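To start, the structure itself, in structure tokens.
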Amino acid sequence: MVGSVNGEGTMGVLWKLEPATAAKHRLYQRYLDAWWPILLQTNQRTGYAFPRVTLLDAFAGPGRYEGKEPGSPVFILDRLLNHHAVERMNLSRSRVHLVFIERDPARYAHLVSELVAVFGPLEDLPVRVEVRRGEAGKDSLPILTELGAWGNPILGIFDSWGSVNVPLEVMAKIARNRSSEVITTFGPNWFSRREELNADLLDTVFGGRGFWTPAADEARPDERWRAWLGTYRDALKRAGFGYQLQFKLVPRTGQHLYLVFGTGSEAGLRAMKDAMWKVDDRDGESFRDPRNRGGAVAGQIDLFQMEETLDPELAELVTQRLARGDVTVEAVGRWLLTETSRWMPTHALRAARVMRQDGSLVVQSAGKLTTKSVVGLPAPVNS
0 MVGSVNGEGT
10 MGVLWKLEPA
20 TAAKHRLYQR
30 YLDAWWPILL
40 QTNQRTGYAF
50 PRVTLLDAFA
60 GPGRYEGKEP
70 GSPVFILDRL
80 LNHHAVERMN
90 LSRSRVHLVF
100 IERDPARYAH
110 LVSELVAVFG
120 PLEDLPVRVE
130 VRRGEAGKDS
140 LPILTELGAW
150 GNPILGIFDS
160 WGSVNVPLEV
170 MAKIARNRSS
180 EVITTFGPNW
190 FSRREELNAD
200 LLDTVFGGRG
210 FWTPAADEAR
220 PDERWRAWLG
230 TYRDALKRAG
240 FGYQLQFKLV
250 PRTGQHLYLV
260 FGTGSEAGLR
270 AMKDAMWKVD
280 DRDGESFRDP
290 RNRGGAVAGQ
300 IDLFQMEETL
310 DPELAELVTQ
320 RLARGDVTVE
330 AVGRWLLTET
340 SRWMPTHALR
350 AARVMRQDGS
360 LVVQSAGKLT
370 TKSVVGLPAP
380 VNS
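Residue numbering for the sequence shown follows numbering that gives the first Met the number 0, beginning at 0 and increasing consecutively.
As structure tokens, then:
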């Protein structure tokens, strides 16, 4: 299905596909499987459909990896054109825009060749594909303006393996736009190379020195990445995204990866978490919440198979929430949805049942344990 271009002259242009990147790609694929039909299918009741939908891949890369695996532009376009619901999505070049930006000239040229080799002439496709040579931070907004993207949904993927250098004003412009979302990736070494700090650049990324200096001053290695990740999540909140997810992607082998997702839609929030649960785990990847400071995550326990087992991360997160005071199970579920990386409201009641059995949670209200029950932590034992 995915073709290839002549491999000559690719030294320094292509690189090895890392396990964490492969897992991230599967997450993107699962999320886009839900994202495209939500935005493109005509509503049978209202007949409503967005007149235009734009996907922006601002660090597009060369289109494939050393092992011939497809890069994000290739699998994104392939996944759209071969979507199971494509016949109901009314694809057209005026309605669906895919924008791929790549700064490096050799990688840009390779990307163009790769896309043509796989899909044929881009001008013959049923959607508009724009491949631009440029910089994500400087050129994303002008290109989106040129293509008339504003006023309709945009998904911005800012997937840089190195330093995050996209100004917060770019994120804010997208956040203010109708039904739009962003995904930002932090490379594995970003949080540790503090001697390379460019204060002026970080001011533009995080919105000012006062916002990021506490993270820069964090001296504990195990807490530094949490501080930076939380700082960026807070930046997306200030930019205008009503919901933000932060998570650590941990493959079985190789280096981990950090992602932050911003959306204004609870449906988008649920779709991203649902994509995490559906990701194939053949490489042993897991998604971890930055708040997890306890034992290892047990793995991708099936969403509907948690009656007698409890992921240690979920238990720790529920405990952290209850440490702030007694609350209903329903409120715990809401917190899990909006504040944790992958947990859903349905996990709250199941967690409460298991934690009550092992004595790590008490039910403060009478009657059967339900989502309306008030729960809390057991009283400390006097020594």
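Using N, Cα and C, we set each Cβ at its ideal position, and we do this for glycine too. Only a predicted model underlies this, so the values are computations on that prediction, with no experimental measurement involved.
One or two residues paired with residue i in a DSSP bridge
| i | result |
| --- | --- |
| Ile-156 | Asp-56, Ile-182 |
| Pro-69 | Arg-63 |
| Tyr-257 | Phe-185, Lys-247 |
| Val-128 | Leu-97 |
Burial state of residue i (16 or more Cβ within 10 Å)
| i | result |
| --- | --- |
| Ala-57 | buried |
| Thr-41 | exposed |
| Lys-23 | buried |
| Ala-266 | exposed |
| Ser-91 | exposed |
| Thr-184 | buried |
| Gln-363 | exposed |
| Phe-303 | Reliability of the predicted coordinates at Phe-303 is poor, the pLDDT of 45 falling under 50, and the value obtained from them is presented with this limitation in mind. With fewer than 16 other Cβ atoms within 10 Å, it is exposed. |
| Asp-301 | Confidence is the limiting factor: at Asp-301 the pLDDT is only 46, short of 50, which leaves the residue's position unreliable and the question unanswerable from this model. |
| Pro-141 | exposed |
| Gly-62 | buried |
| Asp-310 | buried |
| Ser-93 | exposed |
| Asn-176 | buried |
| Gly-366 | exposed |
| His-83 | exposed |
| Glu-65 | exposed |
Endpoints, beta strand (DSSP E) assigned at residue i
| i | result |
| --- | --- |
| Tyr-242 | 242–249 |
Local conformation of residue i per DSSP, three classes
| i | result |
| --- | --- |
| His-96 | strand |
| Phe-205 | helix |
| Gly-133 | coil |
| Arg-287 | strand |
| Thr-370 | coil |
| Thr-345 | helix |
| Thr-230 | helix |
| Thr-262 | strand |
| Thr-385 | The question about residue 385 has no answer here: the residues shown for the chain are numbered 0 through 382. |
| Val-353 | helix |
| Val-361 | strand |
| Met-88 | coil |
| Ser-139 | helix |
| Leu-336 | helix |
| Ala-148 | coil |
| Thr-252 | coil |
| Gly-267 | helix |
The alpha helix (DSSP H) enclosing residue i, as first and last residue numbers
| i | result |
| --- | --- |
| Gly-209 | 208–215 |
| Val-374 | Not the alpha helix (DSSP H): Val-374 falls in the beta strand (DSSP E), residues 373–375. |
| Arg-320 | 311–321 |
| Val-169 | 167–174 |
| Lys-23 | 18–39 |
| Glu-113 | 104–118 |
The segment 318–328 touching the segment 366–379, judged by at least three CB pairs closer than 8 Å:
Yes: the two stretches touch, three or more of their Cβ pairs being nearer than 8 Å.
Any 3 or more C-beta pairs closer than 8 Å across the segment 63–82 and the segment 195–203:
No, the segment 63–82 does not touch the segment 195–203.
Could you tell me whether the segment 158–174 touches the segment 118–131, where touching means 3 or more Cβ pairs closer than 8 Å?
With the cut-off at 8 Å, the segment 158–174 and the segment 118–131 do not touch.
Inter-stretch contact (C-beta, 8 Å, three-pair minimum) for the segment 351–361 and the segment 285–295
The segment 351–361 is not in contact with the segment 285–295.
May I ask you to verify whether the segment 147–156 touches the segment 223–239, counting CB pairs closer than 8 Å and requiring at least 3?
The segment 147–156, when compared against the segment 223–239, does not touch it at the 8 Å Cβ threshold.
For the segment 100–116 against the segment 131–139, do three or more pairs of beta-carbon atoms, one drawn from each stretch, fall closer than 8 Å, so that the two count as touching?
These segments touch.
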